[in-house]
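Q: Dropping a structure here in structure tokens format, bear with me for questions.
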Amino acid sequence: MTELENILKNEFPESSLILDREAMEPYSRDETPEKLVFYPDAVLRPENTEEIKKLLRLANTYNFPVIPRGAGTSRCGGPLPVRGGVVVSTERMKKIIDIDTKNMFVLLEPGVITGEINRTLKETGLFYPPDPASIDSCSIGGNVATNAGGPHCLKYGVTRNYVYGLDVFTPDGSELNLGGKVLKNTTGYSLLNLFIGSEGTLGIFTKILLRIIPEPVYKNLVLAIFNDLNQATEGAIELLRRGVIPDALEFIDRDCVKAKKAHESELPDLKVGDYLLIEIAGFSEEEIDRYLETLGDILENAEDILVADQPSQMEALWNFRRGISEAIDTENLIIPEDIVVPRNRIPDVISMIKKIAERRKTRIYTFGHIGDGNIHVDIVSTGGESIVEEILRIVADAGGKISGEHGIGWTKRKYLHYSRDKKEIQIMRKLKRTFDPNNILNPDKLFI
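Using the numbering used here, you'd call the opening residue of the sequence shown number 2 and step up by one each time.
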């Protein structure tokens, strides 16, 4: 038994520790398609905050890494223990502590699965809008750590827009209680927002306070099929320009449609084309009718339009969209990127990406949140990384960023300079050193 194992066994209950290598295997990887594997020296599954505080203080004394982990659904190596150390899994911290319907807040622990939030809120008439594709497997703590997005973030905003409070342990074991049930707060620097999106490098969350809002009663889902990528993109841009802000506005290119239909599809009769998936929602049937009338006018160039107004129909369409990544992942080793560019640059950027695929004799799939310019780019790997860098240069030249919602993690850190200049990276490094002078918490993430 190693010295670290002895230290941990003396300090923590057996029920909280995993030291067996075979049992640690699920914590050695995430959902990054490159199948990266890094075994930790131990896994701690705390049931209370005292165990987290104790671990961080031990880590600073004995100089071992601590890696926060939610549900492990990261696609860029965010929770991987690349230097070994102790993985802190919040999987047992999964209580929804309080639902405040008067002030419209929910207080919960970081291990709560994101989809469980709205299932619990169902009878209140309130909901939490951000909905990552992995909503039924990812945890809210991981969502906050990466500032996760999703289809409904076009209208409602991303995770950051709903986090109003955090209880968080800093790397030295000190506890901060940030924010609260107030909608305005101009009292100094926003430390709350510094922790959101910090990818486990600055602190470990123990409680999260989320704002919740009234849920629209009526919903329709519209599928518009186009023969031309430019027409699909122009249709999406025109919708927003005309003041139609859908709850979701998704894009699926024809290559994705083919891959999904070949893999498995509940919708085998749909034509192949470039798809727009548009969810409209409101609090009256008249509001929905007005939306549909405007949509029909704007989308007149579509080859076909399908309106789904029954829950089963809408679920089938959403399952088609959410299953794209899974279908593509079965093809070969996939490099998943999630670029974000100004909306008007989407056709040019996708066109250049497809030309790269032709030249490199591979396949590149594009799909995602066209309404806010966040497009997922899944590359069938050719064995090298130069293709990724070529795409990210195109994104940077178009005024875009290298990630809209996945984060940087381990796999993208070498490309951070395409989105942040030297001075910004220098400031971020200084912040990391200020919070974590011993580089204990999730080292080797974000920066090289």
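We treat Cβ as the ideally placed atom computed from N, Cα and C, and that holds for glycine.
For Gly73 versus Asp31, is the C-beta spacing smaller than 7 angstroms?
A: Stepping through the sequence shown from its first residue, residue 73 is reached at position 72. Stepping through the sequence shown from its first residue, residue 31 is reached at position 30. Result yes, Cβ atoms of Gly73 and Asp31 sit closer than 7 angstroms.
Q: Could you give the first and the last residue of the continuous beta strand (DSSP E) run that contains His377?
A: Here the question's residue 377 lines up with position 376 in the sequence shown. Its beta strand (DSSP E) spans residues Asn375 to Val381.
Q: Among residues of its own chain, excluding the 5 on either side of Lys55, which ones have a beta-carbon nearer than 7 angstroms to its beta-carbon?
A: Position 54 of the sequence shown, counting from 1, holds the residue named residue 55. Correct list, in chain order: Glu12.
Q: Is it the case that the Cβ atoms of Thr202 and Leu447 are separated by a distance below 7 angstroms?
A: Residue mapping note: residue 202 aligns to position 201 of the sequence shown, counting from 1. Residue mapping note: residue 447 aligns to position 446 of the sequence shown, counting from 1. Result yes, Cβ atoms of Thr202 and Leu447 sit closer than 7 angstroms.
Q: With a threshold of 8 angstroms on Cβ separation, who are the neighbours of Pro34 within its own chain once the five nearest residues in sequence on each side are excluded?
A: The residue given as residue 34 occupies position 33 in the sequence shown. Here the set comprises Arg76, Asp330, Leu334, Ile335, Ile336 and Pro337.
Q: Excluding five sequence neighbours on each side, which residues of the same chain lie with their C-beta closer than 6 angstroms to the C-beta of Ser404?
A: Taking the first residue of the sequence shown as 1, we reach residue 404 at position 403. The residues are Asp339.
Q: Are the stretch 125-133 and the stretch 187-205 touching, with three or more C-beta to C-beta distances below 8 angstroms?
A: Too few Cβ pairs lie closer than 8 angstroms, so no.
Q: Is the beta carbon of Ser420 sitting closer than 7 angstroms to the one on Lys433?
A: The count along the sequence shown starts at 1 and reaches residue 420 at position 419. The count along the sequence shown starts at 1 and reaches residue 433 at position 432. No, they are not a contact pair.
Q: For Val273, collect the residues of the same chain with a Cβ closer than 7 angstroms to its Cβ; drop the 5 residues on either side in sequence, then sort them by chain order.
A: On the sequence shown, residue 273 is found 272 positions in, with the first residue counted as 1. The residues are Arg255, Val258 and Lys259.
Q: Are the beta-carbon atoms of Ala399 and Arg361 separated by less than 7 angstroms?
A: Residue 399 sits at position 398 when you count from the first residue of the sequence shown. Residue 361 sits at position 360 when you count from the first residue of the sequence shown. No.
Q: Would you report the Cα separation of Glu23 and Pro41, rounded to the nearest angstrom?
A: The residue you call residue 23 lines up with position 22 of the sequence shown. The residue you call residue 41 lines up with position 40 of the sequence shown. Going from the Cα of Glu23 to the Cα of Pro41 covers about 11 angstroms.
Q: Please say whether Ile136 and Thr115 have beta carbons closer to each other than 7 angstroms?
A: Within the sequence shown, the letter at position 114 stands for residue 115. Within the sequence shown, the letter at position 135 stands for residue 136. Yes; because the gap between Cβ atoms is below 7 angstroms, this pair is in contact.
Q: Thinking C-alpha only, which one of Thr147, Arg430, Thr207 and Pro80 is nearest Leu108?
A: Start at 1 with the first residue of the sequence shown, and residue 108 comes out as number 107. Residue Thr207 is the option with its Cα nearest to Leu108.
Q: Check the C-beta distance from Leu179 over to Leu167 and give it rounded, since I have them as a contact under 8 angstroms.
A: As a working mapping, residue 179 is identified with position 178 in the sequence shown. As a working mapping, residue 167 is identified with position 166 in the sequence shown. 5 angstroms between Cβ atoms; contact.
Q: Where does the unbroken beta strand (DSSP E) through Arg346 begin, and where does it stop?
A: Against the sequence shown, residue 346 aligns to sequence position 345. Unbroken run through Arg346: none, as it is neither H nor E.
Q: Using the Cβ count rule (16 or more neighbours within 10 Å means buried), how would you classify Asn186?
A: Locating residue 186 in the sequence shown gives position 185, counting from the first residue. That one is exposed.
Q: Measuring straight from C-alpha to C-alpha, what distance separates Leu240 and Phe170?
A: Reading the sequence shown from its first residue, position 239 is the one you call residue 240. Reading the sequence shown from its first residue, position 169 is the one you call residue 170. C-alpha separation (whole angstroms): 44 angstroms.
Q: Could you tell me the distance, in whole angstroms, from the CA atom of Val342 to the CA atom of Pro348?
A: Numbered from its first residue, the sequence shown carries residue 342 at position 341. Numbered from its first residue, the sequence shown carries residue 348 at position 347. Whole-angstrom Cα-Cα distance: 10 angstroms.
Q: Spell out a yes or no on whether the stretch 225-237 and the stretch 308-321 are touching, meaning 3 or more CB-CB pairs, one atom from each, closer than 8 angstroms.
A: At 8 angstroms Cβ cutoff, the stretches do not touch.
Q: Reducing DSSP to helix, strand and coil, say where His264 ends up.
A: For the purposes of this step, residue 264 is taken as the residue at position 263 of the sequence shown. His264 falls in the helix class under three-state DSSP.
Q: Over what stretch of residues does the beta strand (DSSP E) that includes Gly166 continue unbroken?
A: Locating residue 166 in the sequence shown gives position 165, counting from the first residue. It spans Val164 to Phe170 - the beta strand (DSSP E) in which Gly166 sits, taken as one unbroken run.
Q: Do Asn221 and Glu304 have their C-beta atoms closer together than 7 angstroms?
A: To locate residue 221, count along the sequence shown from 1; it is residue 220. To locate residue 304, count along the sequence shown from 1; it is residue 303. No, the Cβ-Cβ distance between Asn221 and Glu304 is not below 7 angstroms.
Q: Grouping DSSP H, G and I as helix and E and B as strand, with all else coil, what is Tyr366?
A: Taking the sequence shown and counting its residues from 1, one reaches residue 366 at position 365. Note: Tyr366 maps to strand in three-state DSSP.
Q: Would you tell me roughly how many angstroms separate the C-alpha atoms of Gly174 and Thr435, rounded to the nearest one?
A: Against the sequence shown, residue 174 aligns to sequence position 173. Against the sequence shown, residue 435 aligns to sequence position 434. Those two C-alpha atoms are separated by around 14 angstroms.
Q: Might you give, ordered along the chain, the residues of its own chain that have their beta carbon closer than 8 angstroms to the beta carbon of Glu200, omitting 5 neighbours on each side?
A: The sequence position of residue 200 within the sequence shown is 199, counting from 1. Counting only Cβ-Cβ distances below 8 angstroms, and skipping sequence neighbours, we find Gly79, Ala146, Thr147, Gly408, Ile409, Gly410, Asn443, Lys446 and Leu447.
Q: For a minimum of 3 consecutive residues, which ranges assigned as the beta strand (DSSP E) are wholly contained in the stretch 70-128?
A: Entirely contained in the stretch 70-128, the beta strand (DSSP E) runs reaching 3 residues are, in chain order, 87-90, 97-101 and 106-109.
Q: Should Pro131 and Thr160 be called a contact, given that it needs their Cβ atoms to be closer than 7 angstroms?
A: Counting from one through the sequence shown, the residue named residue 131 turns up at place 130. Counting from one through the sequence shown, the residue named residue 160 turns up at place 159. In contact: Pro131 and Thr160 (Cβ atoms closer than 7 angstroms).
Q: How should Arg243 be labelled, buried or exposed, when 16 other C-beta atoms within 10 angstroms of its C-beta is the threshold for buried?
A: Along the sequence shown, one-based indexing puts residue 243 at 242. Under this definition Arg243 is an exposed residue.
Q: Quick check on Gly236: does DSSP put it in helix, strand or coil?
A: Start at 1 with the first residue of the sequence shown, and residue 236 comes out as number 235. In this structure, Gly236 counts as helix in the three-state DSSP scheme.
Q: By DSSP's criteria, Asp339 is part of a beta bridge. Which residues make up the other side?
A: The count along the sequence shown starts at 1 and reaches residue 339 at position 338. Its beta-bridge partners are His377 and Ser404.
Q: With a Cβ-Cβ cutoff of 7 angstroms, do Ala149 and Glu327 count as a contact?
A: Reading the sequence shown from its first residue, position 148 is the one you call residue 149. Reading the sequence shown from its first residue, position 326 is the one you call residue 327. In this structure, Glu327 does not lie closer than 7 angstroms to Ala149 by Cβ.
Q: Which residues does DSSP pair with Leu155 in a beta bridge?
A: Against the sequence shown, residue 155 aligns to sequence position 154. None, per the DSSP bridge assignment.
Q: Which partner residues of Phe39 appear in the DSSP bridge assignment?
A: For this step, residue 39 is matched to residue 38 along the sequence shown. The partner list for Phe39 (beta bridge, DSSP) is empty, contrary to what the question assumes.
Q: What are the boundary residues of the alpha helix (DSSP H) that includes Ile8?
A: Here the question's residue 8 lines up with position 7 in the sequence shown. Unbroken alpha helix (DSSP H) run through Ile8: Glu4 to Glu12.
Q: In the DSSP assignment, the alpha helix (DSSP H) including Lys272 goes from what residue to what residue?
A: Here residue 272 refers to the residue found at position 271 when the sequence shown is read from its first residue. No alpha helix (DSSP H) holds Lys272; DSSP gives it neither H nor E.
Q: If you draw a straight line from the alpha carbon of Val381 to that of Thr363, how long is it in whole angstroms?
A: Within the sequence shown, residue 381 is the residue found at index 380, counting from 1. Within the sequence shown, residue 363 is the residue found at index 362, counting from 1. The straight-line gap from Cα to Cα measures roughly 6 angstroms.
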